[in-house]
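Chains as they are written, first to last, in full-length UniProt numbering: chain A, 1 to 86; chain B, 1 to 137.
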């Protein structure tokens with residue numbers, strides 16, 4: 001039973017940190033920083049996936065949402081514009 | 001006491017996912033920049049995938065049979081009690097298969113939208129949606 005409690009405690013901490021990362025990605029004007037915040041959010045989500053007994057999804061989700069997608073968004077930002085105007 | 005703590009922390013997880021859903025919908029509708037909309041769209045899809053995973057999860061707070069990684073040490077059909085224990089402890093694999101497909105399809109859709117953003121910038125010279133709406137008419 002204490003193992004379940006540990007799983008829920010780590011999951012609650014990871015989900016609260018993901019809320020913080022999503023909020024920072026929402027309000028950030030520099031788009032490079034916003035992409036990095038969304039990558040941090042995807043790391044916390046993959047921790048949640050692992051805790052809720054789907055490690056096969058972690059193997060796909062962590063390279064896709066933490067590596068490939070931010071890289072492609074950074075390529076798009078480098079080809080277009082970096083700062084979001086008011 | 002332990003059951004109350006587990007229920008409280010599970011509620012924290014669930015409510016923070018709903019907060020994420022609201023924040024991403026706000027960013028998707030009210031942020032003017034195209035790349036910010038793309039980031040928020042990807043986080044929205046991930047949150048919905050997380051809800052789908054919660055559908056198949058077995059060990060909700062105060063579970064009768066807590067879930068365990070489904071590892072079979074013996075061939076189950078020779079001994080029925082092993083099979084009974086396996087089916088009472090394993091999580092549902094169907095939402096996991098669906099989410100595994102949805103992650104890959106989401107990557108393909110995002111690559112298409114990134115390509116579309118590049119063409120938008122070549123055509124209009126900006127990615128601000130207010131500017132694009134003004135320039136179009």
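Positions of the beta carbon are idealized from the N, C-alpha and C atoms, including for glycine.
Provide the residue span of the alpha helix (DSSP H) that contains residue 87(B), from first to last. Looking at the DSSP string, the run of the alpha helix (DSSP H) that includes residue 87(B) is 80-89.
Between residue 59(A) and the rest of its own chain, which residues show a CB-CB distance below 7 Å, the 5 nearest in sequence each way excluded? Same-chain partners within the cutoff: there are none.
Considering only DSSP beta bridges, list what residue 33(B) is partnered with. Answer is 128(B).
For residue 92(B), which three-state DSSP category applies? DSSP places residue 92(B) in coil when its eight states are reduced to three.
Spatial neighbours of residue 27(B) within its chain, please: C-beta separation below 6 Å, excluding the five flanking residues on both sides. Listed in chain order, the non-local C-beta contacts of residue 27(B) below 6 Å within the same chain comprise 40, local neighbours out to five positions each way being set aside.
Residue from 17(A), 5(A), 39(A) with nearest C-alpha to residue 67(A): Of 17(A), 5(A), 39(A), the residue nearest in Cα terms is 39(A).
For residue 84(A), the nearest candidate out of 32(B), 25(B), 114(B), 116(B) (CA to CA): Scanning 32(B), 25(B), 114(B), 116(B) for the CA closest to the CA of residue 84(A) turns up 32(B).
With C-beta atoms as the reference, is residue 56(B) less than 9 Å away from residue 94(B)? Going by C-beta atoms, residue 56(B) is nearer than 9 Å to residue 94(B).
Local conformation of residue 83(A) per DSSP, three classes: Strand at residue 83(A).
So, does the region 3-22 of chain B touch the region 66-80 of chain A, judging by three or more C-beta pairs under 8 Å? The region 3-22 of chain B, when compared against the region 66-80 of chain A, does not touch it at the 8 Å Cβ threshold.
Tell me which residue opens and which closes the alpha helix (DSSP H) that residue 57(B) is part of. No alpha helix (DSSP H) holds residue 57(B); DSSP gives it neither H nor E.
Below 7 Å on C-beta distance, what does residue 6(B) contact in chain A? Within 7 Å Cβ-Cβ: 4, 5, 8.
Can you find a C-beta in chain A that's less than 9 Å from the C-beta of residue 104(B)? Chain A, which has a Cβ nearer than 9 Å to the Cβ of residue 104(B), makes this yes.
Out of 21(A), 5(A), 54(A), which has the shortest C-alpha to C-alpha gap to residue 33(A)? It is 21(A) whose Cα lies nearest to the Cα of residue 33(A).
Interface residues of chain B around residue 76(A) at Cβ under 7 Å? Residues of chain B whose Cβ lies closer than 7 Å to the Cβ of residue 76(A) are, in chain order, 35, 114, 117, 118.
Take the Cβ of residue 81(B) as the centre, count every other Cβ of all protein chains shown within 10 Å, and call the residue buried at 16 or more, exposed below. Answer is exposed; the Cβ neighbour count stays below 16.
So the alpha helix (DSSP H) residue 18(A) belongs to, where does it begin and stop? Residue range 2-27 is occupied by the alpha helix (DSSP H) that includes residue 18(A).
Closest to residue 44(A) by CA distance: which of 56(A), 55(A), 15(A) is it? Residue 15(A) is the option with its Cα nearest to residue 44(A).
When you compare each of 55(A), 61(A), 29(A) to residue 41(A) by their alpha carbons, which one comes out closest? Closest option to residue 41(A), Cα to Cα, is 61(A).
Residue 57(B) touches chain A at which residues, Cβ-Cβ below 8 Å? In chain order: 52, 53.
So the alpha helix (DSSP H) residue 46(A) belongs to, where does it begin and stop? 31-51 is the span of the alpha helix (DSSP H), which, as asked, contains residue 46(A).
Give me, in chain order, the residues of the same chain whose beta-carbon lies closer than 8 Å to that of residue 52(B); leave out the 5 immediate sequence neighbours on both sides. By the criterion of a C-beta distance shorter than 8 Å, residue 52(B) is surrounded in its chain by 95, 98, 99, 102, once the five residues flanking it on both sides are discounted.
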